[in-house]
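Undergrad: Following this message is one structure expressed as structure tokens.
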Ligand SMILES: Cc1ncc(COP(=O)(O)O)c(C=O)c1O
Ligand SMILES: Cc1ncc(COP(=O)(O)O)c(C=O)c1O
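Chains as they are written, first to last, in the working numbering: chain A, 728 to 1171; chain X, 728 to 1171; chain L, 43 to 524; chain B, 43 to 524.
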């Protein structure tokens, strides 16, 4: 096998050094009764040439955003990825290394994480950030748990305007430990602030918010923060980092913990993963953060360097009292996001944001002007918006597909009340021509 | 522009350091009469996103070997390329470096070239090899010129069984200096040895041979070498390096200079280039070789290392008396070939050769068994063979295309006498299923 | 010359990427109301394309990966990551597919996941597998939640989870996250679970025993059949931390040993690259009685159609925004297909042989925590060296000077001055020899010039870094000097 | 720890790649007659996949490229190589297209080449361009052959080609290969062609003057109009070595200066990577009277169809097995499209500014060969340092210790102890400053501790290598030690 260097000759020499005669002599502690007495019933080995045909052939059956212009978002976004981003992230010294336990041999990677933490702080307006979480959903769940630790309270307030998948993950995370969840209904596609004010109590650990929310709308975040803080609760905000080139950073509107999904920052859509969650918060909560953190330090000669730090929070030291069970994280996706941010810079990120806004609004206007179509909500939005459609979205998507488009999300899939509601995403990558053509197909 | 770091602020600061006021002050030596007074009339700048659509879209209009199973060869071959080959060759320390003039900062690349030279010597059975030539065609032309220098003779004997493009390049190379070329006709798809014996004289610098030849046939190379050597001429052989896992190396059958095209060794077909020529010869002719050569040496502390050597042969030292005008060569393709050879090893290369033989012969038998089809020649062949067809090859190719195949080469394109002759190539990458399907289409 | 920080290289007005000019009308000025617009841009670095390329290229050269050399980090299975895996994960049908595109448009992805599940089921001897967990720890969490659901359905979720003291830190952390108390089972003199103690600790409030087999000492829990019986006799379930599955492929299956739940670390056993800390994938396999609790959605097959089943009333719910780390699943599936039954078996045979070879070669110089045939890794103790004032941590740093990444240090916790060495099947005898020669040379240095080892590393751009300072005065982000 | 040779790492029986089992019948035993079968296999190395990966990864880390840092090699235009170029060259429609597939199947490739020709024509002010030459030197050769054909058609191929003493070595070598005698024209005190001498040397046996403008001293041949007149008055042609075109984009066009033929180095001006020595591409542009002689085939357009024209009776013939280094042409075309008219002009403006900045900063410490405004590069002389026993070559080696690749040394030949520095437009002011600081520090070292410079480099895995020994006792291939 090409992945195994040692040959039968090597095996013989090694057994001799070990001092046993046969390989089987090394397995004497395994009870015979549990040994598998047959080859595994998996498909026979393929050579590289065959596997390329076989697996490549399988994957070629998927639709994808190179073949179809993609108007689907809802947590996975078809943004432009600069050529240098995957090129640099695939440098194998990064991709084939482990968590940088041994700092002196991992300065390169450690520095990139320190830079990532800094850029996340800059985007969110927070003091500290960790090295990454599994995805935006678990980041929000961990943010909620962290709020419970910080406030020593257990109730969580969770609006319906958060992505249903993310709410589902949070529910999963909280099911073992009894943390009551209070749902807040939406009103015109945003959190119903009156309902929120009613639900927040002195037992509330945190109010969670997604902004822009699942429907693409901008939430009244300052007001929500005031409501939370008035009762001593924290505001845990899930934000689209790509929007933060133009939108107010959560740190300035009162978020205590800012989390989010970093896929939009240069990571491929890749059928849903690997993505990358991030988490940032205030200095005071630093020792409550889950996951890896890199810190700057000095070497024995006083020269600056980097290492993993605040490890006393983590499972390998604190075990059942750790701030989280996370160990392996999404480092390579965080690196990808870093490269993306470094490449775009503040001006590039702003321009991406502005074009998302411009194109999404152009598309919304064009579609809403078609007979039978209208915008479902009146709130301001970033790159996604909901359309009330005259025909079931599934039908529209089928029509669009034949003209080369992947259409929006049928919200009826999530909630009956949202039948004939269609969540459309328009990134900076879409062109006016594409948008016009979509409008044509919808209208025709 | 993203490729230019300096900003107007930088420009101002730099002009101040230089001590001029305006950039224009640096251009005073350029006569106004030759200044271009307008912007260049080239297409306006595209962003990366646009260029990917535009250039990518243009190239997507080409047929290619991922979409069509390719039975076309004739100097460009669809062999299997191990995944690690392009992966490693694209390490940017290799791809973005220059010719390794400064050895101490280029040991990695120099060592790969030294290894390439060694592997080429091993394949060809020769003593020395250079670092690369432009392609197989110019390598043969340079080999012929080298034979002229070595023998101090000027006549060259060039069989018709050499690839017509290669013969054309040779003619181009020899047109400035009067080196008479003697053509040798073919007989049953091989060099007519009697004609050869007649043409070789005491003025002959070299007999050139391609083996396997343009028609895929194995030449009677030992006999040809004897004929050449009997008159004091050299034998300059162009060989398919991929065949040398199983075929006798030119060094053992009497070739004095072995050259060839290295594309087959892991380099992409890439519409004809960049490819890589190689040249190997006997020790005695070492100082007559064109191009770069890397040698082993030691550093001031006696430790082994590598550097460019025998540079007194080259244009930058010898100018008009250099062994060649070549400067930039095809280093990255030579590196690619090295990685390919190191990955396959002797057993892998033999297996590739055996499967080429097996599949080409299977295909030849299947096709020749179809009514109206027959093999044009009876000589043994490696991975290519010529079929006499009942209908014009262009028609067959058109039929094959609609079933997913790129068919063989219509030899009538090169010579009228070869109308309805079809040069078919079957590499190890083709499957029995594909071959059977081709036979079906041809027969049906 | 170490590379400056991105921010130190930044220069106003530079930009590494630009978009095409906007081709739609400018939106209404209040499209984004002023209150939502940030007043000052984030202080991201401003760099041209080439500056970004150089920054990350240089930083990569200040890092070490499996592609550079041997990476004997115990418990991490730092095997070779085949490049064909990467190639497959990058084809447009994988990299550019949207997770919410219609199922009919995603048949390739769904089939791949379905088939990977079949393969993992067979490898582990389990009845169903969910591919959703993003890493081992999330797999553990999902497993414990399923155990919780299982017991709850039987009337009592139970209170405690038993975990050996040699277990990885994620085990207790995951159990706690799922709401269980953690009770420690001690290792016996052989480095294995103390079965007597287990029998005493277990009762009907025990939800499960979480066991790693081979355990983190690289030893096979030879009384596994007895252990499983004790656990099951009390109505508890047996959870296997599958991080060490690289020892067992085609040899022993968790399901056949009596485990009810097992998680895989595809980024260990199935060759997906660790990415400097992630991403991984931690699929979770279960026996039939636990299948109803698997995370939502599952992937099902209906004739030749593949589909996502969201309608699973007993499920513990969703763990991931979509279906898990799909790109990692593509790599693992590619690897599985490359190996086949013989290849899988050869992996473990070679991993075990390599570990025992290192054990044999180093056993004279370093104390072996529990000296008998090991599985895929071997734990040494630097106790002997400690008498010369040299700690395992020092030896680790000194190995860096010899060009190797150090082993796992100070884990498992049950071994004093632990050095945990895992030499995967992708390492050649020659590499192991060079490594062992280095370790032996260091053992001599510990005797002859301990200060050389204590002061290591000596050859890196940075000498030993002050981790205490880093934790005491945390500096976790760059701030523009005033 | 330097990496051993492939052959030293080889171990019998290892293999890094295997084919699927043969799926066709075994061929007849004499399919390849015994006489043609080699008796012993070539002694290629035997390695597993991971060993190959590590070998080349490690060797890459012992190498320096533009992506690692500043590469001021004069005359080589080591500018940044954009990654989008690589991406485009690797799409299947480029990388997997067969050169002999039907023209109808190759319209994308042919159109790309056609459009690249249009762009290059405009950039150089020429009437036609052939993309076929594989590098600059082959372009020169093609150009001189066309000049030969031109004169031959006019009854006399002529005998001599005039070439300045500052010219690159390929110029005389190419002229000689084309059968011409080379006659040297000396540089005057200003570092330019001595027009007086030119006027004396030229006669009706002169086929052409080969001129580099700006010349290899980085100076613009300001009497170019006069030179062109002299050359043309004698019926000779004016050839431009376009290696230094990075100075002229959108500023001055060779055709407008009176050049009849010009070659491009796409691997310099058009940002294609140098690949450790190649591949490049050396398109050759000509004025209309020379167009009939262009290499075969040319690429033509017929309405919306693109085709290869092989029927060119006056052509000098074919230079390449197919159409030249197509993959390089794809990269260059991508670059051209990225830049547009303003981008092209900005390239040269920034390159010129960078060179003059370096000139200004280093002019105090190092003698400038010809001290006035330069174009895209600047040539210094280490004459002053030589008085301290330090040669340009030593300074080059010392720069390595400062982390920079050295400039071009001892070229052009007309300058004693030449150091030729080319800082392309892709270098930032900060990088130039760091570089200049290093050069100035070395200048001080030459005064204060010349032996430090003479003994450099001190920081590399190998100290100065013995190039004399290498040439005296050539060891150009590995041989298994007996
Ligand atoms: C024994 C053991 N269990 C569990 C884990 C946790 O896996 P992950 O890091 O994928 O979350 C690890 C790996 O770090 C491990 O070594
Ligand atoms: C001035 C000059 N002319 C000609 C050449 C030859 O070009 P190439 O190396 O592409 O053959 C070079 C480059 O080396 C050069 O610098």
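Positions of the beta carbon are idealized from the N, C-alpha and C atoms, including for glycine.
#1: Where does residue 910 (chain X) sit, in a helix, a strand or coil, going by DSSP?
#2: What's the gap between the Cα of residue 884 (chain X) and the Cα of residue 963 (chain X)?
#3: At a cut-off of 6 Å, is residue 307 (chain L) close to ligand 1 when judged by its beta-carbon and the heavy atoms of the ligand?
#4: With respect to the beta strand (DSSP E) encompassing residue 965 (chain A), which residues constitute its N-terminal and C-terminal limits?
#5: Could you tell me which of A:776, A:909 and A:1036 sits nearest to residue 511 (chain L), measuring between CA atoms?
#6: Check each candidate in X:992, X:1038 and X:1078 and name the one with the smallest Cα separation from residue 816 (chain X).
#7: Assess, as a yes-or-no matter, whether the stretch 891 to 900 of chain A is touched by the stretch 354 to 362 of chain L under the definition of 3 or more beta carbon pairs within less than 8 Å.
#8: Give me the DSSP bridge partner(s) of residue 281 (chain B).
#9: Give the list of continuous alpha helix (DSSP H) stretches no shorter than 4 residues that lie fully inside the stretch 412 to 471 of chain L.
#10: With a threshold of 8 Å, are at least 3 pairs of Cβ atoms found where one atom belongs to the stretch 945 to 959 of chain X and the other to the stretch 50 to 57 of chain B?
#11: Can you list, in chain order, the residues of the stretch 771 to 798 of chain A whose Cβ is nearer than 7 Å to any Cβ on chain X?
#12: Tell me the DSSP secondary structure of residue 944 (chain A) in three-state form.
#13: Output needed for residue 158 (chain L): all residues of its chain with C-beta closer than 6 Å, excluding positions within five of it in sequence on either side, in chain order.
#14: Are there 16 or more other CB atoms within 10 angstroms of the CB of residue 915 (chain A), so buried, or fewer, so exposed?
#15: Using Cβ-Cβ distances below 7 Å, what residues of the stretch 56 to 73 of chain L are close to chain X?
#16: Indicate, with yes or no, if ligand 1 has a heavy atom lying under 6 Å from the CB of residue 1054 (chain A).
#17: When you measure from the CB of residue 285 (chain L) to every non-hydrogen atom of ligand 1, does any distance come out below 6 Å?
#18: Consult DSSP for residue 1149 (chain A) and reduce its assignment to one of helix, strand or coil.
#19: What's the gap between the Cα of residue 769 (chain X) and the Cα of residue 124 (chain B)?
#20: Would you say residue 116 (chain L) touches ligand 1, meaning its beta carbon is less than 6 Å from a heavy atom?
#21: For chain L, check one thing: does any of its Cβ atoms lie closer than 7 Å to the Cβ of residue 468 (chain B)?
#22: Quick one: which chain L residues come within Cβ less than 8 Å of residue 734 (chain X)?
#23: Could you check whether the Cβ of residue 322 (chain L) sits closer than 6 Å to any heavy atom belonging to ligand 1?
#24: For ligand 1, is there any heavy atom lying closer than 6 Å to the beta carbon of residue 289 (chain L)?
#25: Using a threshold of 7 Å, state whether the C-beta atoms of residue 852 (chain A) and residue 939 (chain A) are closer than that.
#26: When burial is assigned at 16 or more other CB atoms within 10 Å of the CB, is residue 81 (chain B) buried or exposed?
#27: Could you list which residues in chain X have their beta carbon closer than 8 Å to that of residue 997 (chain A), in chain order?
#28: So is residue 125 (chain L) in contact with chain X if we call contact Cβ pairs under 7 Å?
#29: If distances are taken between C-alpha atoms only, which option among B:115, B:149 and B:92 comes closest to residue 789 (chain X)?
#30: Any Cβ of chain X within less than 7 Å of the Cβ of residue 871 (chain A)?
#31: Of all the residues that make up the stretch 71 to 99 of chain L, which are near chain X by a beta-carbon distance shorter than 7 Å?
#32: With a threshold of 16 other CB atoms inside 10 Å of the CB of residue 1144 (chain A), please say whether the residue is buried or exposed.
TA: On the basis of the supplied data:
#1: Stepping through the second chain from its first residue, residue 910 (chain X) is reached at position 183. Strand.
#2: One-based indexing of the second chain puts residue 884 (chain X) at position 157. One-based indexing of the second chain puts residue 963 (chain X) at position 236. Those two C-alpha atoms are separated by around 10 Å.
#3: Translated into positions along the third chain, residue 307 (chain L) becomes position 265. Correct: residue 307 (chain L) has its Cβ closer than 6 Å to ligand 1.
#4: Taking the first residue of the first chain as 1, we reach residue 965 (chain A) at position 238. Looking at the DSSP string, the run of the beta strand (DSSP E) that includes residue 965 (chain A) is 961 to 966.
#5: Counting from one through the third chain, the residue named residue 511 (chain L) turns up at place 469. For the residues A:776, A:909 and A:1036, the minimum Cα distance to residue 511 (chain L) belongs to A:1036.
#6: In the second chain, counting from the first residue as 1, residue 816 (chain X) sits at position 89. Answer by Cα proximity: X:992.
#7: yes
#8: Position 239 of the fourth chain, counting from 1, holds the residue named residue 281 (chain B). DSSP output for residue 281 (chain B) lists B:252 and B:303 as bridge partner(s).
#9: 425 to 428 and 434 to 443
#10: The stretch 945 to 959 of chain X is not in contact with the stretch 50 to 57 of chain B.
#11: 775 and 776
#12: Stepping through the first chain from its first residue, residue 944 (chain A) is reached at position 217. In the structure shown, residue 944 (chain A) sits in a strand (DSSP, three-state: E or B).
#13: Translated into positions along the third chain, residue 158 (chain L) becomes position 116. So the list reads 371 and 375, once near-sequence residues are dropped.
#14: As a working note, residue 915 (chain A) is residue 188 in the first chain. The residue is exposed, with fewer than 16 neighbouring Cβ atoms inside 10 Å.
#15: 56, 57, 58, 59, 60, 61 and 62
#16: For the purposes of this step, residue 1054 (chain A) is taken as the residue at position 327 of the first chain. Yes - ligand 1 has a heavy atom lying nearer than 6 Å to the Cβ of residue 1054 (chain A).
#17: One-based indexing of the third chain puts residue 285 (chain L) at position 243. Placement of the Cβ of residue 285 (chain L) at a distance of less than 6 Å from at least one heavy atom of ligand 1 is found.
#18: What you label residue 1149 (chain A) is simply residue 422 of the first chain in a count that begins at 1. Of the three classes helix, strand and coil, the one that applies to residue 1149 (chain A) here is strand, per DSSP.
#19: Within the second chain, residue 769 (chain X) is the residue found at index 42, counting from 1. Within the fourth chain, residue 124 (chain B) is the residue found at index 82, counting from 1. Cα to Cα, residue 769 (chain X) sits roughly 20 Å from residue 124 (chain B).
#20: What you label residue 116 (chain L) is simply residue 74 of the third chain in a count that begins at 1. Not so, every heavy atom of ligand 1 lies at least 6 Å from the Cβ.
#21: Start at 1 with the first residue of the fourth chain, and residue 468 (chain B) comes out as number 426. At least one chain L Cβ lies under 7 Å of residue 468 (chain B).
#22: Taking the first residue of the second chain as position 1, residue 734 (chain X) is located at position 7. Within 8 Å Cβ-Cβ: 53, 54, 55 and 56.
#23: Position 280 of the third chain, counted from the first residue, corresponds to residue 322 (chain L). Yes.
#24: Position 247 of the third chain, counted from the start, is the residue given in the question as residue 289 (chain L). No; taking the cut-off as 6 Å, the Cβ of residue 289 (chain L) has no heavy atom of ligand 1 nearer than that.
#25: In the first chain, residue 852 (chain A) corresponds to position 125, counting from 1. In the first chain, residue 939 (chain A) corresponds to position 212, counting from 1. No.
#26: For this step, residue 81 (chain B) is matched to residue 39 along the fourth chain. So residue 81 (chain B) ends up on the exposed side.
#27: What you label residue 997 (chain A) is simply residue 270 of the first chain in a count that begins at 1. Within chain X, no residue comes near residue 997 (chain A); the closest Cβ sits about 19 Å away, beyond 8 Å.
#28: Residue 125 (chain L) sits at position 83 when you count from the first residue of the third chain. Closer than 7 Å to some Cβ of chain X, the Cβ of residue 125 (chain L) qualifies, so yes.
#29: Here residue 789 (chain X) corresponds to residue number 62 of the second chain, with the count starting at 1. The residue with the shortest Cα to Cα distance from residue 789 (chain X) is B:149.
#30: Translated into the one-based positions of the first chain, residue 871 (chain A) becomes position 144. Chain X has no Cβ within less than 7 Å of the Cβ of residue 871 (chain A).
#31: 90, 91, 92, 93 and 99
#32: Here residue 1144 (chain A) corresponds to residue number 417 of the first chain, with the count starting at 1. Per the 10 Å Cβ criterion, exposed.
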